[in-house]
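Working notes for the structure below.
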């Protein structure tokens with residue numbers, strides 16, 4: 396669920412008396428990235444970030460977690476950190492179609508601009524075709540960082556390659572009530588080695604520097620190469 400680290404590995408298991416039952420699973424993740432990109436826009440003013448989170452999941456499909464990262468204090472009105480709190484429910488329909496629905500709260504301690512603390516609800520459907528897994532997602536907020544409603548739609552295609560490499564293709568659309576809409580996309584090459592996950596991403600948006608509203612964020616949203624090392628715990 397977190398924005399940057401997507402690998403979840405089992406780290407704990409509760410057993411029932413007399414028989415093993417996978418009731419609750421605990422997991423964590425930690426990583427460092429050369430640039431924290433969220434929906435095509437740098438959150439660290441193109442600087443590196445240290446990130447990590449913790450998740451708990453019940454065998455019924457219920458889950459909850461927290462994830463954090465440093466952010467640029469100028470971008471978030473004095474806040475130097477972001478913490479995401481989320482809870483949801485996931486599973487699989489008959490036929491192998493996966494689903495996930497949930498609630499996510501973005502929190503920025505010490506921000507002087509209260510609308511930075513934002514909530515959204517999200518949902519997705521996914522299917523593994525074998526050569527590639529496809530996920531379609533939606534996220535809605537009734538007050539996106541103090542700018543009224545927003546709807547984010549996304550399409551992700553994950554293609555496993557030989558030697559523990561993977562190719563990820565992503566396309567997303569931000570649709571705002573009061574701001575200019577924009578598209579963002581990413582191509583990722585991933586590799587697992589020695590218990591670590593490595594990712595090299597190319598990311599870009601169609602935010603135009605000639606648009607007066609977008610000019611201030613254009614340097615944060617133009618094309619970038621991002622390198623990330625992460626580990627599931």
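In the working numbering, the protein residues as written are 396 to 628.
Beta carbons are placed, not taken as given, at the ideal position from N, Cα and C, and that holds for glycine.
Can the beta-carbon of residue i be found less than 8 Å from the beta-carbon of residue j?
i           : j           : result
residue 496 : residue 520 : no
residue 501 : residue 477 : yes
residue 428 : residue 623 : yes
residue 460 : residue 481 : yes
residue 522 : residue 533 : no
residue 613 : residue 620 : no
residue 552 : residue 529 : yes
Since residue i is in the alpha helix (DSSP H), which residue starts that stretch and which ends it?
i           : result
residue 575 : No alpha helix (DSSP H) holds residue 575; DSSP gives it neither H nor E.
From the DSSP output, in three-state form, read off residue i for me.
i           : result
residue 618 : coil
residue 558 : helix
residue 541 : helix
residue 479 : strand
residue 673 : Past the boundaries of the shown model lies residue 673; the chain is included only from 396 to 628, so the question cannot be answered.
residue 450 : strand
Over what stretch of residues does the beta strand (DSSP E) that includes residue i continue unbroken?
i           : result
residue 441 : Neither: residue 441 is in no beta strand (DSSP E) and is coded neither H nor E.
residue 509 : Where residue 509 is concerned, there is no enclosing beta strand (DSSP E), given that its DSSP letter is neither H nor E.
residue 533 : 528-536
residue 522 : 513-523
residue 466 : Looking at the DSSP string, residue 466 is not in any beta strand (DSSP E), and its letter there is neither H nor E.
residue 601 : Where residue 601 is concerned, there is no enclosing beta strand (DSSP E), given that its DSSP letter is neither H nor E.
residue 488 : Here residue 488 belongs to no beta strand (DSSP E), and DSSP marks it neither H nor E.
residue 430 : Note, residue 430: premise wrong, no beta strand (DSSP E); not H, not E.
Any beta-carbon of chain C closer than 8 Å to the one on residue i?
i           : result
residue 628 : The chain labelled as chain C is not found in the depicted structure, where only one protein chain is given.
* To do: Determine contact between the segment 445-462 and the segment 417-433, defined as no fewer than three beta-carbon pairs at a distance below 8 Å.
  => yes
* Asked: Is the segment 556-564 close to the segment 531-547, with three or more CB pairs under 8 Å?
  -> no
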